[in-house]
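Undergrad: Dumping the structure here so I can ask a few things about it.
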Amino acid sequence: MGFFCLDELAEIRGHLRLPIEQDTGFRATQTVSAYAAVARAAGRIQA
Numbered sequence: 001m002g003f004f005c006l007d008e009l010a011e012i013r014g015h016l017r018l019p020i021e022q023d024t025g026f027r028a029t030q031t032v033s034a035y036a037a038v039a040r041a042a043g044r045i046q047a
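UniProt numbering puts the first residue of the sequence shown at 1, with every later residue one more than the last.
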C-alpha cells in the first residue's frame with residue numbers, strides 16, 4: 001500500500017466538491033490486504 005499525508009487527504013474534493021469524511025458506520029468484513037487487492041485490481045478505492 002504505502003504512506004499518505006493527512007493534510008493531502010484533507011484537501012481532496014470529489015465530484016460535488018465535498019471533502020473526504022470518515023464513515024463511522026463502516027465495519028470491516030475483510031483484511032486490509034483483501035481491500036488493497038480489490039483497490040489495486042480496480043485501479044482505485046471504491047465505496
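Yeah, the Cβ is synthetic: ideal placement off N, Cα and C, and Gly gets one too.
If you're wondering where the values come from, they're calculated on a predicted model, not measured in any experiment.
In the DSSP assignment, what are the bridge partners of residue 50?
TA: Limits of the chain in this structure are 1 at one end and 47 at the other, which puts residue 50 out of reach.
Undergrad: Look at the Cβ atom of A37, then the Cβ atom of I45, and state whether they are nearer than 7 angstroms.
TA: In the sequence shown, counting from the first residue as 1, residue 37 sits at position 37. In the sequence shown, counting from the first residue as 1, residue 45 sits at position 45. No. Outside cutoff.
Undergrad: If you run the structure through DSSP and keep just helix, strand and coil, what is R27?
TA: Translated into positions along the sequence shown, residue 27 becomes position 27. R27 falls in the coil class under three-state DSSP.
Undergrad: Would you identify the three-state DSSP class for R40, choosing helix, strand or coil?
TA: Here residue 40 is taken as the residue at index 40 of the sequence shown, counted from 1. It is helical.
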